[in-house]
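Engineer: Structure incoming, see below.
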Amino acid sequence: MIPASYIPYLAPEILLTVWAMGLLLAEAFVPLTSRQTALWALGGILSIAFLTFFFEPTTLLFWNNSAKWDGAAKFFHIFFLAVAALVIWMGDDVQESMPHGGGEFVVLPLF
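Numbering (numbering that gives the first Met the number 0), first residue to last: 0 to 110.
In structure tokens:
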């Protein structure tokens, strides 16, 4: 089990996964266009990037010293979120022609 002290370090991944699952459910049951799904996905990415950017933890080794959270880990978290946002933003034009459905393309980069 993960100790409670590790939760802030894993919060971006947890929040992003929960956000993606929520978007998949919303896309399945609510008539969202692909553009609306993309905007919701981008909003989630921006809020999680904001959370990651302003989270200032101390350097920590965890999982039996096999993982380390430091400035480089923070950089790559934000870099991954930026790349996912670019993929969603650029793929939005491709999905524009579909009146309903196709939102899973927008959500899958979040996983």
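Just so you know, even glycine gets a beta-carbon here, dropped at the ideal spot from N, CA and C.
Of all the options L85, W88, I77 and G90, which has the alpha carbon lying nearest to the alpha carbon of E12?
Structural biologist: As a working mapping, residue 12 is identified with position 13 in the sequence shown. Ranking the options by Cα distance to E12, first place goes to I77.
Engineer: Cα-Cα, which of W18, N64 and L31 is closest to I44?
Structural biologist: One-based indexing of the sequence shown puts residue 44 at position 45. The shortest Cα separation from I44 among W18, N64 and L31 belongs to W18.
Engineer: Could you please give the first and the last residue of the uninterrupted alpha helix (DSSP H) stretch that includes V45?
Structural biologist: Position 46 of the sequence shown, counted from the start, is the residue given in the question as residue 45. Reading the sequence as shown, one finds Leu at residue 45 and not Val. Here the alpha helix (DSSP H) through L45 covers S33 to F53.
Engineer: On the premise that L80 lies in contact with A48, defined as a C-beta separation below 8 Å, what is that separation, rounded to the nearest angstrom?
Structural biologist: For the purposes of this step, residue 48 is identified with residue 49 of the sequence shown, where counting begins at 1. For the purposes of this step, residue 80 is identified with residue 81 of the sequence shown, where counting begins at 1. With a Cβ gap of about 5 Å, A48 and L80 count as contacting.
Engineer: Among the residues of its own chain, which have a CB less than 6 Å from the CB of L85, if the five just before and after it don't count?
Structural biologist: Taking the sequence shown and counting its residues from 1, the one referred to as residue 85 is at position 86. So no residue of the chain qualifies.
Engineer: For L60, count neighbouring Cβ atoms within 10 angstroms of its own Cβ and tell me buried if that reaches 16, exposed if not.
Structural biologist: As a working mapping, residue 60 is identified with position 61 in the sequence shown. That one is exposed.
Engineer: According to the neighbour-count rule (16 or more other Cβ atoms, all chains shown, within 10 Å of its Cβ), is A66 buried or exposed?
Structural biologist: As a first step, residue 66 must be located in the sequence shown, where it is residue number 67. Label assigned to A66: exposed.
Engineer: Roughly how many angstroms lie between the CA atoms of T57 and A72, to the nearest whole one?
Structural biologist: For the purposes of this step, residue 57 is taken as the residue at position 58 of the sequence shown. For the purposes of this step, residue 72 is taken as the residue at position 73 of the sequence shown. C-alpha separation (whole angstroms): 12 Å.
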